Amino acid sequence: MKKFGLFIGGKWVVPDSKARFISLNPATKKPVASFPSANEKDVLYAISIAKAAFPKWSAIPAPKRGEVLLRFASLLRKNKERLARVVTQEMGKVLLEARGDVQEAIDAAEYMAGEGRRLFGYTAPSELPNKAAFTVREPIGVCALITPWNFPVAIPAWKMMPALVCGNTVVFKPSSDTPLCAAMFVELLHEAGIPGGVVNMVTGSGGIVGPVLVQNPDVRTVSFTGNRETGEWIAKNAGVKKIGLELGGKNPIIIMDDADLHLALEGVLWGAFGTTGQRCTAASRVIVHEKVFAEFEKMLVVAAKKLRLGSGASSSADVGPLINQKALEKSQYFVSVGIKEGARLLCGGKRGPHSGFFFEPTVFSGVAQKMRVAREEIFGPIVCLIKVKNLAEAIKTANDVDYGLSASIYTKGISNAFKAIEQLESGIVYVNASTIGAEVHLPFGGVKGTGNGVREAGIEGINEFSETKTVYIDYSGKLQRAQIDD
Ligand code: NAD
-7 MKKFGLFIGG KWVVPDSKAR FISLNPATKK PVASFPSANE KDVLYAISIA
43 KAAFPKWSAI PAPKRGEVLL RFASLLRKNK ERLARVVTQE MGKVLLEARG
93 DVQEAIDAAE YMAGEGRRLF GYTAPSELPN KAAFTVREPI GVCALITPWN
143 FPVAIPAWKM MPALVCGNTV VFKPSSDTPL CAAMFVELLH EAGIPGGVVN
193 MVTGSGGIVG PVLVQNPDVR TVSFTGNRET GEWIAKNAGV KKIGLELGGK
243 NPIIIMDDAD LHLALEGVLW GAFGTTGQRC TAASRVIVHE KVFAEFEKML
293 VVAAKKLRLG SGASSSADVG PLINQKALEK SQYFVSVGIK EGARLLCGGK
343 RGPHSGFFFE PTVFSGVAQK MRVAREEIFG PIVCLIKVKN LAEAIKTAND
393 VDYGLSASIY TKGISNAFKA IEQLESGIVY VNASTIGAEV HLPFGGVKGT
443 GNGVREAGIE GINEFSETKT VYIDYSGKLQ RAQIDD
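Residue numbers for the sequence shown follow our numbering, beginning at -7 and rising by one.
1. When the Cα of residue 482 is compared with those of 138, 187 and 137, which residue comes out closest?
2. In chain order, which continuous runs of the alpha helix (DSSP H) of length 4 or greater are located wholly inside the region 12 to 73?
3. Between the region 104 to 114 and the region 82 to 91, can you find at least three pairs of beta-carbon atoms closer than 8 Å?
4. Am I right that residue 58 and residue 106 are in contact with their C-beta atoms under 8 Å? What's the rounded C-beta distance?
5. Give the straight-line distance between the Cα atoms of residue 49 and residue 198, rounded to the nearest whole angstrom.
6. Should residue 150 be counted as a contact of the ligand NAD given a C-beta to heavy atom distance under 6 Å?
7. Report yes if the C-beta of residue 483 is less than 6 Å from at least one heavy atom of the ligand NAD; otherwise report no.
8. Does the distance from the C-beta atom of residue 315 to that of residue 169 stay below 7 Å?
9. What's the C-alpha gap between residue 208 and residue 36?
10. Quick one: what does DSSP say residue 288 is sitting in, helix, strand or coil?
11. Any idea what DSSP makes of residue 173, helix, strand or coil?
12. Out of 163, 331, 361 and 139, state which residue places its alpha-carbon closest to the alpha-carbon of residue 243.
13. Would you tell me roughly how many angstroms separate the C-alpha atoms of residue 430 and residue 418, rounded to the nearest one?
14. Measure the Cβ-Cβ separation of residue 481 and residue 450 and say whether it is below 7 Å.
15. Helix or strand or just coil, what does DSSP make of residue 354?
16. Nearer than 6 Å: is that true of the beta carbon of residue 219 relative to any heavy atom of the ligand NAD?
17. Please state if the CB of residue 442 and the CB of residue 241 are separated by a distance shorter than 7 Å.
18. Could you give the first and the last residue of the continuous alpha helix (DSSP H) run that contains residue 389?
19. Closest by CA to residue 22, which one among 348, 144 and 271?
20. In this structure, does DSSP put residue 238 in helix, strand or coil?
21. Can you grab the Cα-Cα spacing for the pair residue 413 / residue 381, in whole Å?
22. Can you tell me where the beta strand (DSSP E) with residue 150 in it begins and where it stops?
23. Taking the alpha-carbon positions, what's the residue 386 to residue 250 distance?
24. Checking contacts by CB at 7 Å: is residue 383 closer than that to chain B?
25. For residue 217, which residues of its own chain have a beta-carbon under 6 Å away from its beta-carbon, when the five flanking residues on both sides are left out?
26. Apart from the five residues just before and just after residue 5, which ones in its own chain have a Cβ nearer than 6 Å to its Cβ?
27. Using DSSP with H/G/I as helix, E/B as strand and the rest coil, what is residue 433?
28. Is any heavy atom of the ligand NAD found at a distance shorter than 6 Å from the C-beta of residue 167?
29. By alpha-carbon positions, which one of 150, 44 and 118 ends up nearest to residue 94?
30. State buried or exposed for residue -7, treating a residue as buried only when at least 16 other CB atoms are found within 10 Å of its CB.
31. Can you tell me the Cα-Cα spacing of residue 44 and residue 91, whole angstroms?
32. From what residue to what residue does the alpha helix (DSSP H) around residue 115 run?
33. Beta-carbon separation of residue 163 and residue 11 under 7 Å?
34. Who are the Cβ neighbours of residue 215 in its own chain at under 6 Å, not counting the five residues just before and after it?
35. Tell me, which residues are paired with residue 343 by DSSP?
36. For residue 272, is the beta carbon positioned less than 6 Å from some heavy atom of the ligand NAD?
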C-alpha cells in the first residue's frame, strides 16, 4: 500500500504530525492508500506557502493561467481510465459513473480555461461628465477548498478550476474517504504546470484540519461542499470572509397523471439508485399522482429488484457499495425508522450479501410527508413513494422540506411544467428528466437549507472566486462631486 505525505509547495513533504489514516475500498474493505492526519502546524504551514505563492500566481495574465488548465484537461483526458478506476476503487461508484466523474472535471477545466480570456467586468456610464466607470475582477487570495467523497474528482475541479483561473492560491482538504483520488488530481495539476505552492493539499480529520482553515485570517475564502451540520458550523465560525456552502438535499420527482411512466421510471431508477443514492441531487422522494400511483409503484418495485448490486469495477453491477460503515448503518437505521413510522417496505431494506458496504435498492411506499424518511437526507439507495391528488398538492409536498437543491417533474402538459418551474423551491428544476445531471457551464446550487446562495460552475463559479473592484476615472480636470454637483 502506498504511503503519502502532504502535498505542499509543489512536492510531497513529511508532515509534522505522526498520525495517519488509511482509505478503504468500500466494495472489499481492503486498504487503498495511507495518508497523514495533518495537525494544526501542518495546516498553518500549507496556508503560509499558499499565501507566499499568491503574488506571483495572481500576477500571471489570466489567459496564461487558463492555458495551464487546458493542459490539465488534456492530462485528465489522457489519464481518464486510470483515474476512473481509482475513483471506483476508493469511492465505490460503478466504472461508468466514475468515468463521468472524471469527465466532469475535464469539462470544468476546459470551460474555466476559456474564462481566462474573459473574466469580464463591465462598463457603465457615470452620472458626471468626463468621467469613466467600470469594474474589474480580482482574485481573493488564499482559498480553502473543502470537499466530500461522493464526486472525488469532479467537485475539487468545480472549485479549483475557477479559483485558479481567477488568480487565487489554494489549500485543498479532500475527504478522508477519497484521498488517493485527490492526490492524483494535484499531481496531474503539477504535471500540467501549476507552479509549486499554488495548490497545496492537506489530509486528515475534518474536525482538526477544517477549523484551522476556516478560522485562519490568511484564508480569505472557504468553499465547502458537504453535509448540513458541518456547513452550519462553518457559517458560524468563519468570521468575516467569503464562504460558499453547498449542502444536502431531499430532492423530489413529481410524476403527473399525464406523464410517460416508462420515461419517469428510468429517471427514478437513475436518480434514486445511481451512485447508490449518494448524490446531493439524488431523488429520494417520488411524488406520484393518485391516478397512476398503483401502476407506477408496481413498475418501480419490479425494476428496483432487477438492479444488480456489486463491485463498481465489475461490468455486471448496476449499483455499487455505500462509502463506509457509517453510511451503511445510516441506511439500516432509516429503514427501521421508516417501518416504525408506518411506511410500507416494498423491496430492499437489507445489506447486500457481499463483504463490502452494500445495501439493497430500497423502496418505501405509503409514505407521508411528515415522516422522517421523507424529510431527512439519508444518502443511500432508499426512495419514498408519496401519493398526491393533484399538482398543487405535489408542489406543496415537494417544497415541504428544509432543503432545496434539485427537483423534477414528469408531465406532458406545458402548463404543469411551467407551474412547477415557477413554484418549486429549488436551485435546479428538471422537466422530463431526473434530478441529477448538472452541466459545468450552468450554475449549480440550492435554496433554503441547501446552501447560502452561492452558486458553483459556469460564470457563477467565477463570481464565487473573484472580488469585484469598481474603478472611476475623472478626466474633467476639476473636482466633481457625485450627488452634489448638477
Ligand atoms: P462532511 O460534511 O462530513 O465532509 C465534507 C468535508 O468537510 C470533508 O472533507 C470533511 O473532512 C470536512 N469537515 C468535517 N468537519 C469539518 C469542520 N468542522 N470544518 C471544516 N471541514 C470539515 O460531508 P460528506 O459526508 O463528506 O459528504 C456528504 C454530504 O455532502 C451530503 O450531505 C451531500 O448532500 C453533500 N453534498 C452536497 C453537494 C452540493 O453541491 N450541494 C454535493 C455533494 C455532496
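Ideal Cβ placement from N, Cα and C applies to all residues, glycine included. Everything numeric in this text was worked out from a predicted model, so none of it was measured.
Walking through what the data contain:
1. A query on residue 482 cannot be resolved here, the shown segment of the chain reaching from -7 to 478 and no further.
2. 32 to 51 and 54 to 70
3. no
4. 7 Å
5. 28 Å
6. no
7. Residue 483 lies beyond the stretch modelled for the chain, which goes from -7 to 478, so this question has no answer here.
8. yes
9. 8 Å
10. helix
11. helix
12. 361
13. 14 Å
14. Here the chain has residues from -7 to 478 only, and residue 481 is not among them.
15. strand
16. yes
17. yes
18. 383 to 391
19. 348
20. strand
21. 19 Å
22. It is not in any beta strand (DSSP E) - residue 150 instead sits in the alpha helix (DSSP H) that spans 146 to 157.
23. 14 Å
24. The chain labelled as chain B is not found in the depicted structure, where only one protein chain is given.
25. 139, 140, 147 and 238
26. -3 and -2
27. coil
28. yes
29. 150
30. exposed
31. 35 Å
32. That residue, residue 115, is in no alpha helix (DSSP H); its beta strand (DSSP E) goes 115 to 117.
33. no
34. 137, 151 and 236
35. 351
36. yes
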